[in-house]
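In my numbering, the protein residues as written are -2 to 405. C-beta atoms are modelled at their ideal positions from N, C-alpha and C, and glycine is treated no differently.
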């Protein structure tokens, strides 16, 4: 088991510096343009594919880092460059992880390469779970999957929302209800192959922030997929549903807590994204405060500005420490006895909103214009307190964990 350490090893430092260089040289110069266009930055994704960042191999290497710091380190550097473009680069990973977690070896080998394509023909994938009435409340999901035994096909009907790459993806991974009586335990995941009839893009959202990342509804109308597109296969599904029925009778609460543990393990990655955005805004504000003069001296000499910067840096470092702790715990199998995953996501996301707002204040009128990047960073930061569980949900999880109450 890897010991917890705050020192990156030489390999980690090399990867960090490589990612930072890509973020500085490729992502940042393109950030304003793609934010204004509100379109997927295909040329940037292609550049990421050429150097090996946009690939399953890269994320697998970071995921299997025994210290647990590979993923948060990568997320921080990419999102330091720009949150919208970074999310376009890492968004396919959501679908890929869904296949890796639930699929057979054959499904993994078949579908994940089609999610990424290659440097000459880049593809993206979409993970479709949220619905108009089922965001935090996953048990309220309405999309249904019904098995047509005569044709060995699953028929999917419903509407998904807030899907990154939804409708433009080469491969969609769709979560649907197969047994409504089991609530969230009656869900299954399906691959929807390219150009499958009945799948269409609904509303494309015009967002406050992360505008370079495509977010849309996905409409499923009698979408038929072959039986082998059920992730994990039918036999595994039947076994899982049977266990869920038994547990629902005698130990349902244990099932819910096990599911919550999965969410806890994934939340530090979002916290790392927030840390990257907060750090970027802080650095802009620090440089501005050193060079902007008022009343004959740099404004950083004013205690009101200096103290703000001191607080910003302290909060960013504290957020990173919470993220690293939770990431290390998840990788080494340490139990989240105090909802440490939710703690890291909560604090980092709230810090990003606060720090980016302070950065605008330090830049004054300039901070309110699009000539400086902090207004975009502030818009981007708002999403961190919403997706992957709102701040209110994080507080609920933490409070109930500390009190011993069941987490529903």
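{"Item": "Spatial neighbours of residue 76 in its chain, beta-carbon cut-off 7 Å, leaving aside the 5 residues before and after", "Value": "83, 270, 273, 274"}
{"Item": "Exposure label - residue 146; buried when at least 16 CB within 10 Å", "Value": "exposed"}
{"Item": "Residue 67: first and last residue of the uninterrupted alpha helix (DSSP H) it sits in", "Value": "67 to 78"}
{"Item": "Other residues of its chain near residue 315: CB distance less than 8 Å, five sequence neighbours each side excluded", "Value": "344, 348"}
{"Item": "Bridge partner(s) assigned by DSSP for residue 226", "Value": "Paired residues: none, contrary to the question."}
{"Item": "Distance CB(residue 379)-CB(residue 206) smaller than 7 Å", "Value": "yes"}
{"Item": "Cβ-based neighbour list, residue 9, same chain, cut-off 8 Å, excluding 5 preceding and 5 following", "Value": "62, 64, 66, 67, 70"}
{"Item": "Check whether residue 17 and residue 74 have beta carbons under 7 Å apart", "Value": "yes"}
{"Item": "Near the ligand GTP: residue 200 beta-carbon under 6 Å from a heavy atom", "Value": "Looking for the ligand GTP in the displayed structure turns up nothing, as the structure carries no ligands at all."}
{"Item": "Residue 11 versus residue 55: straight-line alpha-carbon distance, rounded", "Value": "14 Å"}
{"Item": "Option in 333, 45, 321 with minimal Cα separation from residue 5", "Value": "321"}
{"Item": "Residue 105: first and last residue of the uninterrupted alpha helix (DSSP H) it sits in", "Value": "102 to 113"}
{"Item": "Coarse secondary structure for residue 196, derived from DSSP in three states", "Value": "strand"}
{"Item": "Alpha helix (DSSP H) segment containing residue 394, residue limits", "Value": "388 to 400"}
{"Item": "For residue 384, the three-state DSSP class (helix, strand or coil)", "Value": "coil"}
{"Item": "Whether residue 282 touches residue 213 by CB criterion (7 Å)", "Value": "no"}
{"Item": "Inter-stretch contact at 8 Å, needing at least 3 Cβ pairs: the stretch 327 to 334 / the stretch 357 to 372", "Value": "no"}
{"Item": "Alpha-carbon spacing of residue 26 relative to residue 49, whole angstroms", "Value": "20 Å"}
{"Item": "Close beta carbons around residue 395, own chain, < 8 Å, minus the five adjacent residues each side", "Value": "335, 336, 339, 340, 343"}
{"Item": "Chain D contact for residue 10 (CB, 7 Å cutoff)", "Value": "Structure shown: chain D not included; a single protein chain is present."}
{"Item": "6 Å CB neighbourhood of residue 402 in its chain, flanking five on each side removed", "Value": "none"}
{"Item": "Cβ distance (whole Å) where residue 224 is taken to contact residue 176 below 8 Å", "Value": "Contact flag wrong, Cβ pair sits at about 17 Å."}
{"Item": "DSSP beta-bridge partners of residue 182", "Value": "Its beta-bridge partners do not exist; DSSP assigns none."}
{"Item": "Under the three-state DSSP convention, the category residue 168 falls into", "Value": "strand"}
{"Item": "Under 7 Å between C-beta atoms of residue 231 and residue 167", "Value": "no"}
{"Item": "DSSP beta-bridge partners of residue 291", "Value": "294"}
{"Item": "Cut-off 6 Å between Cβ atoms - residues of its own chain near residue 51, not counting five sequence neighbours on either side", "Value": "42, 45, 86"}
{"Item": "CA-to-CA distance, residue 311 to residue 304, given in whole angstroms", "Value": "11 Å"}
{"Item": "Straight-line Cα distance separating residue 129 from residue 386", "Value": "15 Å"}
{"Item": "Segment limits, beta strand (DSSP E) that includes residue 145", "Value": "141 to 145"}
{"Item": "Through-space distance from residue 388 to residue 288, alpha-carbon basis", "Value": "36 Å"}
{"Item": "Check whether residue 216 and residue 197 have beta carbons under 7 Å apart", "Value": "yes"}
{"Item": "Buried/exposed call for residue 372, threshold 16 Cβ in 10 Å", "Value": "buried"}
{"Item": "For residue 187, the residue or residues it bridges with in DSSP", "Value": "171, 227"}
{"Item": "Residues that DSSP places opposite residue 151 in a beta bridge", "Value": "144, 222"}
{"Item": "Residue 235 classed as buried or exposed, judged by whether at least 16 other C-beta atoms fall within 10 angstroms", "Value": "exposed"}
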